[in-house]
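Since the structure comes first, as structure tokens, the remarks are kept for the end.
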Amino acid sequence: MSDDDAQLAAWFDSVRRELGTAYLKSDNPWKQSGWNSTPERWRVAREVILAAVNRSGAFLDVGCANGLLLESLIAWAGERGLTLEPHGIDLVPQLIELARRRH
Numbered sequence: 041m042s043d044d045d046a047q048l049a050a051w052f053d054s055v056r057r058e059l060g061t062a063y064l065k066s067d068n069p070w071k072q073s074g075w076n077s078t079p080e081r082w083r084v085a086r087e088v089i090l091a092a093v094n095r096s097g098a099f100l101d102v103g104c105a106n107g108l109l110l111e112s113l114i115a116w117a118g119e120r121g122l123t124l125e126p127h128g129i130d131l132v133p134q135l136i137e138l139a140r141r142r143h
């Protein structure tokens with residue numbers, strides 16, 4: 041492994057630890073998604089993502105945390121007559137497990 045590769049791996053490890061610590065210190069699903077406001081503001085701030093979705097299909101959330109955004113988007117898309125097939129990736133294995141349980 042080159043020095044650059046080792047530095048990059050160390051950076052990802054530090055980000056993984058920091059995000060895991062911050063997101064998992066609460067049982068609140070919004071805080072586990074990095075959100076510190078109300079559920080109502082969550083919708084206002086996040087539903088705009090669906091402006092880019094014009095048909096049913098697969099949806100990939102990069103940095104999906106606990107899967108709350110995917111769950112929300114699926115519900116909101118359903119209100120519009122659309123069906124989303126959720127897919128997500130994240131750096132923190134514990135958050136991925138929460139997302140898997142959620143879906």
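All residue numbers for the sequence shown refer to my numbering, where the first residue is 41 and numbers rise by one. Where a beta carbon is used, it is the ideal one built from N, C-alpha and C, also for glycine. Since the model is a prediction, treat every value here as computed from it, not as a measurement.
Inter-residue spacing [alpha-carbon to alpha-carbon] between residue i and residue j
i	j	result
V102	R120	23 Å
H127	S77	25 Å
W75	A46	32 Å
D53	V84	33 Å
D130	I136	6 Å
H143	L59	21 Å
V141	F99	For clarity, residue 141 is Arg in the given sequence; the question names Val instead. Looking at the two C-alpha atoms, the distance is approximately 18 Å.
Q72	S112	14 Å
A115	N106	16 Å
A117	D44	42 Å
Beta carbon of residue i nearer than 7 Å to that of residue j
i	j	result
R81	V132	no
A49	C104	no
T61	S96	no
Expected contact under 8 Å - CB spacing of residue i and residue j to nearest Å
i	j	result
W51	L108	Not confirmed; about 26 Å, so no contact.
Exercise. Does the pairing of the region 56-68 with the region 78-93 give three or more beta-carbon distances under 8 Å?
Worked result: no
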